[in-house]
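For what it's worth, my numbering labels the leading residue of the sequence shown as 1, then goes sequentially. No residue lacks a Cβ here, since even glycine has one placed at the ideal position from N, Cα and C.
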Amino acid sequence: MDMRSIALFKVGRDYGVTSLDLKIAGLKDTGEKPSRYANEFAYIEGELVSAVPALREMYSFDTILEDMSGRRYYARFYAVDGVVYYAVLISQRGTVRGLVKRLVAQGWKLLFMIEKKVVKKNLPSETDVR
């Protein structure tokens, strides 16, 4: 999975409200377990734990979410006693920005977002002077 966008949120809501927030933001749980992404997420989680050490002590669970356009997001939620305290959303495309705005409108707090932009290089035209 080529991860282009990563967002870490502080949520602080029980799982039912978190699920409702995701639905309002236009996401649905596909029910798929993202086991094939676990190795790729291990590196990212190491960085997240260094930024937010409390994650180490929390129960985490993963899922794949999908928006109305069919774009998929890898999600990891960190919870204690049924309360989701943090959420990480990862996209293969640069599509997290719009999703961040909708989740922040639902009361989630964005801690950080990283987007990898791809610079398109134009091929030289026949009229370019070398």
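| said: So, at 6 angstroms on beta carbons, what are the nonlocal neighbours of residue 27 in its own chain, with the 5 sequence-adjacent residues on each side left out? | reply: Excluding residues within five positions, the ones whose Cβ falls inside 6 angstroms are 65 and 67.
| Excluding five sequence neighbours on each side, which residues of the same chain lie with their C-beta closer than 6 angstroms to the C-beta of residue 76? | The answer, listed in chain order, is 60, 62 and 88.
| query | Quick one, which of 93, 56, 115 and 41 has its alpha-carbon nearest residue 69's? | reply | The candidate whose alpha carbon is nearest that of residue 69 is 93.
| task | Kindly indicate which three-state DSSP category residue 31 falls into: helix, strand or coil? | result | In this structure, residue 31 counts as coil in the three-state DSSP scheme.
| task | Could you check what DSSP says for residue 80 in three-state terms: helix, strand or coil? | result | Assignment of residue 80 by DSSP, reduced to helix, strand and coil, places it in the strand class.
| said: Using the three-state DSSP reduction, which class does residue 95 fall into: helix, strand or coil? | reply: DSSP, read as helix, strand or coil, puts residue 95 in coil.
| said: Which residue wins for smallest C-alpha separation from residue 33, given the options 98, 100, 72 and 49? | reply: Among 98, 100, 72 and 49, the Cα nearest to that of residue 33 belongs to 72.
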